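Colleague: My structure is below; once you've seen it, I'll send some questions.
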Amino acid sequence: MAHLIRQRDRYQYPTIARVDGSTGRHYKVPGFEAVTSVTTILDRTKDKGKLKEWADRVGHEEAERIKRDAAYVGTCMHEVIEMFLADEPLTLGQDWMALRGQHMAFSLIRTYFPYIDVVYGSEVALHYDDRYAGTTDMVAEYRGKLAIVDFKQSVKPKRHEWITDYYHQLAAYACAHDRMFSTNIKFAAILVAVQDGTTQEFTTAGREFEDYKAGWWERVKRAEAAAADPALPSR
4 MAHLIRQRDR YQYPTIARVD GSTGRHYKVP GFEAVTSVTT ILDRTKDKGK
54 LKEWADRVGH EEAERIKRDA AYVGTCMHEV IEMFLADEPL TLGQDWMALR
104 GQHMAFSLIR TYFPYIDVVY GSEVALHYDD RYAGTTDMVA EYRGKLAIVD
154 FKQSVKPKRH EWITDYYHQL AAYACAHDRM FSTNIKFAAI LVAVQDGTTQ
204 EFTTAGREFE DYKAGWWERV KRAEAAAADP ALPSR
């Protein structure tokens, strides 16, 4: 059914190698040294107090198990969406967590893909010169607008005020896409599949999205300053 979604090669997206190391994730962007990833910058500049409180409450071993299982379910979900968009035969796992991830993928596809007009790229590598690099799940015409779209999985339903990191992530990709291709992306969507079978859609546009872009750049500057002088706090 993915062939019913139009695919266009309007933008020549590069292939950028990704490297995971002890200092975080980096990308080997041609013409630059190793470029720090969006996710690494987000991790270095986030307030981890609430995460620590949660881990203390449930126990650190249990917290690690929950995070590990959620990451696996999310990987399975993303793989199904990628295969669907590429119109490839689906290779499905058989363990219960893989099946859950696959079910979540189809929930997103069923609920939100009818609003996709054109897909310009899936798993798109982007960078803003040597400042940062990352991979967005999709660049598409979504709900009639050029948009950065990211797919997320969650154990429980999200709330707008909990997902600032997600908005900053989309802002980073939009700024990088604008830099590389002279676009002017003013709309982004976060499509969430919850493990209870429900889905959620969060969008940002206009003044709000511009504020998230400004917030993202503040985090980039803090991360760069901390990297230059480890004595400085990153958040």
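If you're matching positions, the sequence shown starts at 4 in our numbering and goes up one per residue. Backbone N, C-alpha and C fix where the C-beta goes; we use that ideal spot for every residue, glycine too. Small disclaimer: the values here were computed from a predicted structure and weren't measured.
Classify residue 155 as buried or exposed, calling it buried when 16 or more other Cβ atoms lie within 10 Å of its own Cβ.
Modeller: Walking along the sequence shown from the start, residue 155 turns up at place 152. Residue 155 comes out buried.
Colleague: Exposed or buried, what is residue 116 when buried is set at 16 or more other beta-carbons lying within 10 Å of its beta-carbon?
Modeller: The sequence position of residue 116 within the sequence shown is 113, counting from 1. So residue 116 counts as buried.
Colleague: With 16 as the cutoff for other CB atoms within 10 Å, does residue 171 come out buried or exposed?
Modeller: One-based indexing of the sequence shown puts residue 171 at position 168. It is buried - the Cβ of residue 171 has at least 16 other Cβ atoms within 10 Å.
Colleague: How about residue 107 and residue 125: do their beta carbons lie closer than 8 Å?
Modeller: As a first step, residue 107 is located in the sequence shown; it is residue number 104 there, counting from the start. As a first step, residue 125 is located in the sequence shown; it is residue number 122 there, counting from the start. Contact flag unset, no.
Colleague: Just tell me which of 135, 197 and 196 has its CA closest to the CA of residue 177.
Modeller: Mapped onto the sequence shown, residue 177 falls at position 174. For the residues 135, 197 and 196, the minimum Cα distance to residue 177 belongs to 135.
Colleague: From the DSSP output, read off the bridge partner residues of residue 35.
Modeller: One-based indexing of the sequence shown puts residue 35 at position 32. None; residue 35 has no bridge partner.
Colleague: Using CA coordinates, which residue listed in 223, 225, 100 and 149 is at the minimum distance from residue 208?
Modeller: For this step, residue 208 is matched to residue 205 along the sequence shown. Nearest option by C-alpha distance: 149.
Colleague: I'd like the list of long-range same chain contacts for residue 147, defined as Cβ closer than 8 Å, with 5 residues on each side in sequence excluded.
Modeller: If you number the sequence shown from 1, residue 147 lands on position 144. The answer, listed in chain order, is 120.
Colleague: Using a Cβ-Cβ cutoff of less than 6 Å, which residues in the same chain neighbour residue 95 once the five nearest sequence positions on both sides are dropped?
Modeller: By one-based count along the sequence shown, residue 95 stands at place 92. Here the set comprises 105.
Colleague: Expressed to the nearest angstrom, what Euclidean distance is found between the alpha-carbon atoms of residue 52 and residue 123?
Modeller: Stepping through the sequence shown from its first residue, residue 52 is reached at position 49. Stepping through the sequence shown from its first residue, residue 123 is reached at position 120. Rounded to the nearest angstrom, the two C-alpha atoms are 38 Å apart.
Colleague: Below 8 Å between beta carbons: does that hold for residue 45 and residue 168?
Modeller: By one-based count along the sequence shown, residue 45 stands at place 42. By one-based count along the sequence shown, residue 168 stands at place 165. Yes; because the gap between Cβ atoms is below 8 Å, this pair is in contact.
Colleague: Determine the closest residue to residue 163 out of 36, 194 and 43, with distance taken between C-alpha atoms.
Modeller: Sequence index remark: in the sequence shown, residue 163 carries index 160 (1-based). Taking only the C-alpha atoms, the option nearest residue 163 is 194.
Colleague: For chain B, is any of its Cβ atoms less than 8 Å away from the one on residue 135?
Modeller: No chain B is part of this structure, which consists of one protein chain only.
Colleague: Name the DSSP bridge partner or partners of residue 141?
Modeller: In the sequence shown, the residue the question calls residue 141 occupies position 138. Partner(s): 125 and 152.
Colleague: With burial defined as no fewer than 16 other Cβ atoms inside 10 Å of the residue's Cβ, what is the status of residue 219: buried or exposed?
Modeller: Along the sequence shown, read from residue 1 onward, the residue named residue 219 stands at position 216. When all chains shown are included, residue 219 counts as buried.
Colleague: Decide if residue 63 is buried, meaning its Cβ has at least 16 other Cβ atoms within 10 Å, or exposed.
Modeller: As a working mapping, residue 63 is identified with position 60 in the sequence shown. By the 10 Å Cβ count, residue 63 comes out exposed.
Colleague: For residue 172, name the three-state secondary structure that DSSP assigns.
Modeller: Here residue 172 corresponds to residue number 169 of the sequence shown, with the count starting at 1. Residue 172 falls in the helix class under three-state DSSP.
Colleague: Under DSSP, the beta strand (DSSP E) around residue 23 begins and ends at which residues?
Modeller: As a first step, residue 23 is located in the sequence shown; it is residue number 20 there, counting from the start. Segment 20-24, the beta strand (DSSP E) holding residue 23.
Colleague: Does the separation of the CB atoms of residue 198 and residue 158 fall below 8 Å?
Modeller: As a first step, residue 198 must be located in the sequence shown, where it is residue number 195. As a first step, residue 158 must be located in the sequence shown, where it is residue number 155. Yes, Cβ-Cβ distance for residue 198 and residue 158 is below 8 Å.
Colleague: What are the complete alpha helix (DSSP H) segments, minimum 4 residues, inside the stretch 158-209?
Modeller: Within the stretch 158-209, the complete alpha helix (DSSP H) runs of at least 4 residues are 167-184.
Colleague: On the three-state DSSP scale, how would you describe residue 8?
Modeller: Within the sequence shown, numbered from 1, the residue matching residue 8 stands at position 5. Correct three-state label for residue 8: coil.
Colleague: Can you name the start and end residues of the alpha helix (DSSP H) that residue 105 belongs to?
Modeller: The count along the sequence shown starts at 1 and reaches residue 105 at position 102. Residue 105 -> alpha helix (DSSP H) spans 99-115.
Colleague: Relative to the C-alpha of residue 100, which candidate in 153, 27 and 70 has its C-alpha closest?
Modeller: Within the sequence shown, the letter at position 97 stands for residue 100. With distances taken between Cα atoms, residue 100 lies closest to 70.
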